[in-house]
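**Q**
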Amino acid sequence: MAYEVRGVVARSKGAPVTIETILVPDPGPGEAVVDIAACGVCHTDLHYREGGINDDYPFLLGHEAAGTVAAVGEGVTNVAVGDYVVLNWRAVCGQCRACLKGEPKYCFDTHNAAQKMTLADGTELSPALGIGAFAEKTLVHSGQCTKVDPAAPAASAGLLGCGVMAGVGAAINTGAVQRGESVAVFGCGGVGDAAIAGAELAGATTIIAVDISDTKLEWARKFGATHTVNSAETDAVEAIKGFTGGFGVDVAIDAVGHPKVFEQAFYARDLAGRVVMVGVPTPDMEITLPAIEIFGRGGAIKSSWYGDCLPSRDFPMLVDLYLQGRFDLDAFVSETIGLDDVEAAFEKMHKGEVLRSVVVL
Ligand SMILES: NC(=O)c1ccc[n+]([C@@H]2O[C@H](COP(=O)([O-])OP(=O)(O)OC[C@H]3O[C@@H](n4cnc5c(N)ncnc54)[C@H](O)[C@@H]3O)[C@@H](O)[C@H]2O)c1
Ligand SMILES: [Zn+2]
Ligand SMILES: [Zn+2]
Numbered sequence: 001m002a003y004e005v006r007g008v009v010a011r012s013k014g015a016p017v018t019i020e021t022i023l024v025p026d027p028g029p030g031e032a033v034v035d036i037a038a039c040g041v042c043h044t045d046l047h048y049r050e051g052g053i054n055d056d057y058p059f060l061l062g063h064e065a066a067g068t069v070a071a072v073g074e075g076v077t078n079v080a081v082g083d084y085v086v087l088n089w090r091a092v093c094g095q096c097r098a099c100l101k102g103e104p105k106y107c108f109d110t111h112n113a114a115q116k117m118t119l120a121d122g123t124e125l126s127p128a129l130g131i132g133a134f135a136e137k138t139l140v141h142s143g144q145c146t147k148v149d150p151a152a153p154a155a156s157a158g159l160l161g162c163g164v165m166a167g168v169g170a171a172i173n174t175g176a177v178q179r180g181e182s183v184a185v186f187g188c189g190g191v192g193d194a195a196i197a198g199a200e201l202a203g204a205t206t207i208i209a210v211d212i213s214d215t216k217l218e219w220a221r222k223f224g225a226t227h228t229v230n231s232a233e234t235d236a237v238e239a240i241k242g243f244t245g246g247f248g249v250d251v252a253i254d255a256v257g258h259p260k261v262f263e264q265a266f267y268a269r270d271l272a273g274r275v276v277m278v279g280v281p282t283p284d285m286e287i288t289l290p291a292i293e294i295f296g297r298g299g300a301i302k303s304s305w306y307g308d309c310l311p312s313r314d315f316p317m318l319v320d321l322y323l324q325g326r327f328d329l330d331a332f333v334s335e336t337i338g339l340d341d342v343e344a345a346f347e348k349m350h351k352g353e354v355l356r357s358v359v360v361l
């Protein structure tokens, strides 16, 4: 018997999202059904709605979520009914080329549920990032469930499922920020502020926040930014060099996903520095750089899939740091809303009024 629940669906390119009745099948082998307690609104959900990811409409949106396992299918051993979990969108397979090389963070064959959730008329839904958690229940692969300490409230813990993990990981995993290094973060939304918090956790001593909104820059200071630059008013590269003895930063993180921003990050770094792209560009975007600058500047240009995280290693670690008062997950939650308010939350995100709106069920 399928579960009948409410979910937030994007039916066609750019159209406002609607609340639909969706059918969630009983979990099959290796699958789990999760009662969603909270799910953050990430910019990637808006990318889906706008057709920036692919054209597989209708999408069941939402993917930054925490909840409780309601049912598990045959062969599931990593979680049981009643477990408190944060959902992840990269359940590693253990068998692909990357996994066999001992690099599961790059897994090329991550797991999602094999069965499909549908609209009431049987139309198959594409769950955002294989999750689809703006819904009372969702169906995932059991590997997408990571058990964490239930003392962490869902509205905050769920954010680890995407944006916060991507940002923290961009700094500590991909950028490998070291104690005493300098870091610039471009774009101070949920992802960028998490990168700032990650840089602080890693011991960076100069953390430069760059955004085009003064409000966002003010918030960035709360996460650990030591300097701020409004790049709509000031040349970001020059300003960053000014804060770093004329050299540029050790690690520059693009948390916007725009060629112009990437270019700024590229030039804002010191010789042999690392540039990290964690913001997601749209398929039409192109970057042109002088080849000699790529060679001459040395260092590394890296993209950061999900902050190069391993959910089973990183989610419980960050929840522990949160519960110890060393990592302020609550500060990312600007407001809690209902399922009906997702469209309005996109509008607020677009206007830059919130860091994270979080749907609480
Ligand atoms: N790599 C991953 O695994 C991963 C995971 C989650 C999200 N993302 C991506 O990260 C990006 C940020 O997501 P978010 O949820 O933080 O979005 P957001 O909308 O909350 O934040 C974006 C920020 O960038 C700022 N900005 C916009 N244009 C700018 C510019 N030209 N220069 C400087 N700042 C600018 C905005 O003012 C805003 O503060 C998105 O592209 C999202 O899709 C990537
Ligand atoms: Zn794999
Ligand atoms: Zn996301």
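Residue 1 is where the sequence shown starts when you use this note's numbering, and the numbers rise one by one after that.
Ideal placement from N, C-alpha and C gives every residue a C-beta, glycine not left out.
1) Here's the rule: buried if 16 or more other CB atoms are within 10 angstroms of the residue's CB, otherwise exposed. What is residue 324?
2) For ligand 1, is there a heavy atom less than 7 Å away from the beta-carbon of residue 186?
3) Would you mind giving the Cβ-Cβ distance between residue 84 and residue 148, rounded to the nearest angstrom? I have them listed as a contact below 8 Å.
4) Determine whether the beta carbon atoms of residue 46 and residue 89 lie at a separation below 8 Å.
5) In chain order, what residues of the same chain lie with their CB nearer than 6 Å to the CB of residue 51, ignoring the 5 residues before and after it?
6) With a floor of 4 residues, list each alpha helix (DSSP H) that falls wholly inside the region 43 to 79, ordered by position along the chain.
7) Excluding the five sequence neighbours on either side, which residues of its own chain have a C-beta within less than 6 Å of the C-beta of residue 306, listed in chain order?
8) Straight-line CA distance for residue 314 to residue 145?
9) Taking the straight line between their C-alpha atoms, what separation do you get for residue 252 and residue 214?
10) So who's on the other strand from residue 4, going by DSSP bridges?
11) Could you give the residue range of the alpha helix (DSSP H) that holds residue 214?
12) If residue 191 and residue 132 are in contact, beta carbons under 8 Å, what's the gap, nearest whole angstrom?
13) If you measure between the beta carbons of residue 231 and residue 212, is that distance less than 8 Å?
14) Do residue 60 and residue 122 have their CB atoms nearer than 8 Å?
15) Please state if the CB of residue 65 and the CB of residue 36 are separated by a distance shorter than 8 Å.
16) Is it right to say residue 274 is buried, meaning 16 or more other beta carbons lie within 10 angstroms of its own, or is it exposed?
17) List the endpoints of the continuous beta strand (DSSP E) containing residue 211.
18) Quick check: does the Cβ of residue 334 come within less than 7 Å of any heavy atom belonging to ligand 1?
19) What's the gap between the Cα of residue 11 and the Cα of residue 18?
20) Residue 425 and residue 318 look like a contact to me (Cβ under 8 Å); what is the Cβ gap, rounded to whole Å?
21) Can you find the residues in the same chain that come closer than 6 Å, C-beta to C-beta, to residue 199, ignoring five residues on each side of it along the sequence?
22) Does DSSP classify residue 141 as helix, strand or coil?
23) Jot down the residue ranges of each uninterrupted beta strand (DSSP E) in the region 267 to 339, minimum 3 residues, whole runs only, in chain order.
**A** If we stick to the structure as given:
1) Exposed is the call here.
2) Because some heavy atom of ligand 1 lies under 7 Å away, the Cβ of residue 186 counts as near it: yes.
3) Going by Cβ atoms, the distance from residue 84 to residue 148 rounds to 6 Å, so yes, they are a contact pair.
4) Contact: no.
5) Within its own chain, the residues whose Cβ lies closer than 6 Å to the Cβ of residue 51, once the five positions on either side in sequence are excluded, are 13, listed in chain order.
6) Listed in chain order, the complete alpha helix (DSSP H) runs (minimum 4 residues) inside the region 43 to 79 are 43 to 49.
7) Here the set comprises 90 and 166.
8) Approximately 13 Å between the Cα atoms of the pair.
9) Computed Cα separation, rounded: 20 Å.
10) Looking at the DSSP assignment, residue 4 forms a beta bridge with 23.
11) Run containing residue 214: 214 to 222, per the alpha helix (DSSP H) assignment.
12) Contact doesn't hold; Cβ gap of about 20 Å is too wide.
13) For residue 231 and residue 212, yes; Cβs fall inside 8 Å.
14) Going by C-beta atoms, residue 60 is not nearer than 8 Å to residue 122.
15) The answer is yes: Cβ separation under 8 Å.
16) Residue 274 should be labelled buried.
17) 206 to 211 is the extent of the beta strand (DSSP E) around residue 211.
18) No - ligand 1 has no heavy atom lying nearer than 7 Å to the Cβ of residue 334.
19) Taking the straight line joining both Cα atoms gives about 8 Å.
20) Any answer about residue 425 is impossible in this case: the structure gives the chain only from 1 up to 361.
21) Residues 171, 177, 183 and 207 of the same chain have their beta carbon placed closer than 6 Å to that of residue 199, with the five preceding and five following residues left out of the count.
22) DSSP places residue 141 in the strand class (E or B) of the three-state scheme.
23) At a cut-off of 3 residues, the continuous stretches assigned as beta strand (DSSP E) that sit fully inside the region 267 to 339 are 269 to 277, 300 to 303 and 335 to 337.
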